[in-house]
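**Student:**
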Amino acid sequence: MFTGIVEAIGEIKHVMPLEKGISLRVASGTLDLSDINTGDSIAVNGVCLTVTALANEEFSVDVSRETINCTEGLDKQGGRVNLEKALRLSDRLDGHLVSGHVDGVGETVKFEQVGESWLLTIKVPDPLLKYIARKGSITVNGVSLTVNRIDKNEFEVNLIPHTLAVTTLADLKAGAKVNLEVDMLARYVERLMTMHA
Numbered sequence: 001m002f003t004g005i006v007e008a009i010g011e012i013k014h015v016m017p018l019e020k021g022i023s024l025r026v027a028s029g030t031l032d033l034s035d036i037n038t039g040d041s042i043a044v045n046g047v048c049l050t051v052t053a054l055a056n057e058e059f060s061v062d063v064s065r066e067t068i069n070c071t072e073g074l075d076k077q078g079g080r081v082n083l084e085k086a087l088r089l090s091d092r093l094d095g096h097l098v099s100g101h102v103d104g105v106g107e108t109v110k111f112e113q114v115g116e117s118w119l120l121t122i123k124v125p126d127p128l129l130k131y132i133a134r135k136g137s138i139t140v141n142g143v144s145l146t147v148n149r150i151d152k153n154e155f156e157v158n159l160i161p162h163t164l165a166v167t168t169l170a171d172l173k174a175g176a177k178v179n180l181e182v183d184m185l186a187r188y189v190e191r192l193m194t195m196h197a
């Protein structure tokens, strides 16, 4: 489990093909790896991945073909990625509960400055629309955000300068693909409603 509060920006240093996926070596940036062991989870651009090796402020993870097919940005050597270590039960929950299981890939429609903030508009795959609510939570490339507006198949979030400074969201441009994870509470509510309908 994660919170969607990014702890560091890393860089994919090496991508190695595997028989059924890829292996990544990721530079951890300012992420403290002193309490990370092989087998621990780290969210990379919102995707929960298991650490397979650690060395010299870098960690390695394997990514299955299924994960590559339903996410964006994990197979790009040199790409900057948002990093977050798994949540401990003693941690504060500053964002929202995030599983690290990406629900779909969205597309950046607009990214424009309005006063001190920036408005980010993202087009959503149709199956995810029912899970997105105004003032609800959503995760974009591993960043916990609050939905300001929904219009047809797009939603809008407001980004403050701090968020842009500590995540890779400042790199987005129109047409850029992003990993989306909807609020898990919305999925459970839907499940309960369909079971009792």
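Anchor point for the sequence shown: position 152 equals 152 in full-length UniProt numbering, and the numbering is continuous, going up by one each time. From the three backbone atoms N, C-alpha and C, an ideal C-beta is built for every residue, glycine too.
(1) With distances taken Cα to Cα, identify the nearest neighbour of residue 22 among 63, 70, 79.
(2) Between residue 102 and the rest of its own chain, which residues show a CB-CB distance below 7 Å, the 5 nearest in sequence each way excluded?
(3) Go to residue 16, then tell me how far its beta strand (DSSP E) extends in each direction, as first and last residue.
(4) Give the DSSP-derived three-state secondary structure of residue 135 in the structure shown.
(5) Here's the rule I'm using: 16 or more other beta-carbon atoms within 10 Å means buried, otherwise exposed. How should residue 53 be labelled?
(6) With distance defined between alpha-carbon atoms, name the residue in 142, 24, 149 nearest to residue 133.
(7) Measure the CB-CB distance between residue 83 and residue 31 and report whether it falls below 8 Å.
(8) Kindly indicate which three-state DSSP category residue 189 falls into: helix, strand or coil?
(9) Please classify residue 94: does DSSP put it in a helix, a strand, or coil?
(10) Using the Cα positions of residue 61 and residue 50, report the straight-line distance between them to the nearest angstrom.
**Tutor:** Taking the structure as given:
(1) 63
(2) So the list reads 46, 47, 70, 71, 179, 180, 181, once near-sequence residues are dropped.
(3) 8-18
(4) coil
(5) exposed
(6) 149
(7) yes
(8) helix
(9) coil
(10) 6 Å
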